[in-house]
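Student: Under the numbering used here, the residue at position 241 of the sequence shown is numbered 719, and the numbers go up by one with no gaps. A virtual CB, placed ideally from N, CA and C, is assigned to each residue, including glycine. Quick caveat: nothing in here was measured; it's all calculated off a predicted structure. First the structure, which I've put down as structure tokens, then a few questions once you've had a look.
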Amino acid sequence: MKVAILGAGPSAAYVAMACTKLSVKYDIISSRSPTLFFPGAFWLRQDPWTHTTPTAKIHIYSTGDVIGYLRKQWKMVDPDWLLYTSFPEAAHTELVWDPYKILKPFWKNKNILLIKDLSDQDTADIAEGYDLVFMTFATQESKKTMKPFVIKYPIISYNIEEIIANKNDVDLYLTKLSKNEYCLYDGDTGHYITRVSQLFGYIHFEYSQYYIPTQELIGDGKVTWVPDTYPDTPEWDLQDVPANNVHLIGRHAQWNRKILSYHAYEQTIDILEQKL
Ligand SMILES: Cc1cc2nc3c(=O)[nH]c(=O)nc-3n(C[C@H](O)[C@H](O)[C@H](O)COP(=O)(O)OP(=O)(O)OC[C@H]3O[C@@H](n4cnc5c(N)ncnc54)[C@H](O)[C@@H]3O)c2cc1C
Numbered sequence: 479m480k481v482a483i484l485g486a487g488p489s490a491a492y493v494a495m496a497c498t499k500l501s502v503k504y505d506i507i508s509s510r511s512p513t514l515f516f517p518g519a520f521w522l523r524q525d526p527w528t529h530t531t532p533t534a535k536i537h538i539y540s541t542g543d544v545i546g547y548l549r550k551q552w553k554m555v556d557p558d559w560l561l562y563t564s565f566p567e568a569a570h571t572e573l574v575w576d577p578y579k580i581l582k583p584f585w586k587n588k589n590i591l592l593i594k595d596l597s598d599q600d601t602a603d604i605a606e607g608y609d610l611v612f613m614t615f616a617t618q619e620s621k622k623t624m625k626p627f628v629i630k631y632p633i634i635s636y637n638i639e640e641i642i643a644n645k646n647d648v649d650l651y652l653t654k655l656s657k658n659e660y661c662l663y664d665g666d667t668g669h670y671i672t673r674v675s676q677l678f679g680y681i682h683f684e685y686s687q688y689y690i691p692t693q694e695l696i697g698d699g700k701v702t703w704v705p706d707t708y709p710d711t712p713e714w715d716l717q718d719v720p721a722n723n724v725h726l727i728g729r730h731a732q733w734n735r736k737i738l739s740y741h742a743y744e745q746t747i748d749i750l751e752q753k754l
């Protein structure tokens, strides 16, 4: 069977791992090199290679309340959204995988065909040469329809090793360093920060979509504008694809913000098992 994986983000990595598990060969085609930096509260819940228990401990806390958190994120609060928020009801600890330990080694020496941004027609043309295509980004058609639901919000990330090496304002940053990995959800409405986390060598500050950080605030940090969608965004019809053998995989392709990257593994195994 000839399989193409479109994209080189976390979902594409999990699709490829699922193909390997079922001894299916694949080509990876993407407009950018693999994603090797993960801003904000990002971690993985499954390692298909080992299937062992994860080793990274993350302490998850909150301050303020869930209504304040949702209001900072979206201005208004629909009661239904309370069902979909990840704001923690109580402090707890999760065991997870460090994405840098799984995805960096995964992408090392992988052959990726780098091309321009694919249009839906390009995807349909590629699909003619394959039995199955896994597309991990949104179709052009869905992007047009879903435009009103899309937002972007800023995350500022500081590399802890660089902070310590540069010793710039080190006292300021060290006050935010903890011995443990953590993620703090912030529902206090007096400022624009929504989450602060210290994860895998970085401190991340996530801000409301209504806030534009100044250079003075950013300092030595790296800003990433992260796409997100409103909680009531409708899912895209999975049959509405550029060609019949194309499968949409991942939260952006499916327009479902509850999808995490490891779901791509299970979804791909299901699709492949039906075809093999
Ligand atoms: C702050 C934050 C925290 C999150 N926390 C978690 C978490 O803890 N765990 C988790 O699993 N998920 C989490 N998510 C969701 C996470 O972002 C997604 O699961 C993951 O990044 C989606 O990966 P993806 O591979 O589906 O898409 P992307 O990372 O967007 O990858 C898409 C790929 O397709 C390529 N591409 C895009 N358009 C085209 C085109 N037209 N032609 C060719 N190539 C193209 C891109 O270059 C990229 O390689 C979080 C998201 C945010 C914002």
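Grouping DSSP H, G and I as helix and E and B as strand, with all else coil, what is residue 482?
Tutor: strand
Student: Nearest to residue 618 by CA position, among 599, 609, 629 and 483, is which residue?
Tutor: 599
Student: Out of 483, 501, 679 and 543, point me to the one whose CA is closest to residue 756's CA.
Tutor: Residue 756 lies beyond the stretch modelled for the chain, which goes from 479 to 754, so this question has no answer here.
Student: Comparing C-alpha positions only, which one of 561, 753, 608 and 713 sits nearest to residue 729?
Tutor: 713
Student: What residues are listed by DSSP as bridge partners for residue 663?
Tutor: 540 and 673
Student: Check whether the Cβ of residue 669 sits closer than 8 Å to any heavy atom of ligand 1, and report yes or no.
Tutor: No; taking the cut-off as 8 Å, the Cβ of residue 669 has no heavy atom of ligand 1 nearer than that.
Student: Rounded to the nearest angstrom, what separates residue 696 and residue 636 at their Cα positions?
Tutor: 9 Å
Student: When DSSP labels each residue in this structure, what does residue 575 get in the three-state scheme?
Tutor: Three-state DSSP puts residue 575 in a strand.
Student: So residue 759 packs on residue 521, CB below 8 Å; how close in whole Å?
Tutor: Limits of the chain in this structure are 479 at one end and 754 at the other, which puts residue 759 out of reach.
Student: In the DSSP output, which residue or residues are listed as bridge partners for residue 534?
Tutor: 574
Student: Per DSSP, which residues does residue 632 bridge with? Please list them.
Tutor: 703.
Student: With C-beta atoms as the reference, is residue 724 less than 9 Å away from residue 518?
Tutor: no
Student: Between the segment 734 to 753 and the segment 493 to 500, do three or more beta carbon pairs fall short of 8 Å?
Tutor: yes
Student: Answer yes or no: the CB of residue 597 versus the heavy atoms of ligand 3, is any distance below 8 Å?
Tutor: Among the ligands present in this structure, namely ligand 1, ligand 3 is not found.
Student: Quick check on the DSSP output: the beta strand (DSSP E) that includes residue 562 runs from which residue to which?
Tutor: Element bounds for residue 562: n/a, residue is neither H nor E.
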